[in-house]
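Contents: one structure, followed by commentary.
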Amino acid sequence: MPLNKNESKTYADFTALMGRGKQSKSVRDPHGFDAAIASGNVASLSTTQGRNDEADLALRAKKAWEVAMSPGKTLPMQAFMAWMSGTGVSIFSILITGMILMTPAKTIASVQQTFAPLERAGKSGGSKLDLTMQKAVFVAINIAGILFGVYRLSIMGLLPTTSSDWLAFIPSKQYVEFSG
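Just so we're aligned, residue 20 is where the sequence shown starts under our numbering, counting upward by one.
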């Protein structure tokens, strides 16, 4: 590759390889190579930048959906851990249930920080991405995780769901007379 005499020795001029000779038709351009950038055609660079902004928006939206669905991937693992720990009241099952309840609660509290890098405007001042639907799905899946934890507490008998759990609050009968 000939080096430009006016430039430093680290710059290589690849324009000599573009479109000349019989070999150029048989050899394809490398992946990611843009002929407009290599030849210095500034007019086509603005359209390339527009395509890059659109691609950036699409890529960030796809990544946002992946982030929104990621809590759903932990639910089967948590269900398996809950099944393995059993339904008895022991320190291990209580710790597993606490983890099942606390992880989604902490995740819901940090939903804005989770999506902040994806919501930002593009590199060249592009539009800000609207992630309302992704955030709603993210929160809904985490609420499903909390509901699973509450169900787990109910199975273990730690939630007051029957009338016998409230006997302390029922006033005792006052007998009018005693025999005896």
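For glycine and all other residues, C-beta sits at the position ideal for the given N, C-alpha and C.
Worksheet entry | Every unbroken alpha helix (DSSP H) within the stretch 64–138, with a cutoff of 4 residues, ordered by chain | 110–128 and 130–138
Discussion item. My output table needs one value for T180: the three-state DSSP class, helix, strand or coil.
Written reply: If you number the sequence shown from 1, residue 180 lands on position 161. DSSP places T180 in coil when its eight states are reduced to three.
Worksheet item: Exposed or buried, what is T126 when buried is set at 16 or more other beta-carbons lying within 10 Å of its beta-carbon?
Response: As a working mapping, residue 126 is identified with position 107 in the sequence shown. Buried, since its Cβ has 16 or more Cβ neighbours within 10 Å.
Practice prompt. Assign G105 to one of two classes, buried (16 or more other C-beta atoms within 10 Å of its C-beta) or exposed (fewer than that).
Written response: Taking the sequence shown and counting its residues from 1, one reaches residue 105 at position 86. Using a 10 angstroms sphere on the CB of G105, the tally of other CB atoms stays under 16, which defines it as exposed.
Worksheet item: Could you give the C-beta distance for A83 and F134, rounded to a whole number, given that I count them as a contact under 8 angstroms?
Response: Here the question's residue 83 lines up with position 64 in the sequence shown. Here the question's residue 134 lines up with position 115 in the sequence shown. Sure, about 6 angstroms apart at Cβ, within 8 angstroms.
Item to complete: Grab me the residues of V46's own chain with a C-beta within less than 8 angstroms of its C-beta, minus the 5 sequence neighbours each way, in chain order.
Response: Within the sequence shown, the letter at position 27 stands for residue 46. Excluding residues within five positions, none has a Cβ falling inside 8 angstroms.
Worksheet entry | Own chain residues within Cβ distance below 7 angstroms of A80, not counting five before or after | For the purposes of this step, residue 80 is identified with residue 61 of the sequence shown, where counting begins at 1. Here the set comprises L148.
Worksheet item: Does DSSP put G164 in a helix, a strand or coil?
Response: Your numbering for residue 164 matches position 145 in the sequence shown. Looking at G164 - three-state DSSP - the assignment turns out to be helix.
Practice prompt. Kindly indicate which three-state DSSP category Y16 falls into: helix, strand or coil?
Written response: Since the first residue of the chain shown is 20 and the last is 199, residue 16 is not available in this structure.
Discussion item. Once DSSP output is grouped into helix, strand and coil, what is the label at S146?
Written reply: Your numbering for residue 146 matches position 127 in the sequence shown. In this structure, S146 counts as coil in the three-state DSSP scheme.
Worksheet item: Around the Cβ of F111, are there at least 16 other Cβ atoms within 10 angstroms (buried) or fewer (exposed)?
Response: Against the sequence shown, residue 111 aligns to sequence position 92. By the neighbour-count rule (16 or more Cβ atoms within 10 Å), F111 is not buried but exposed.
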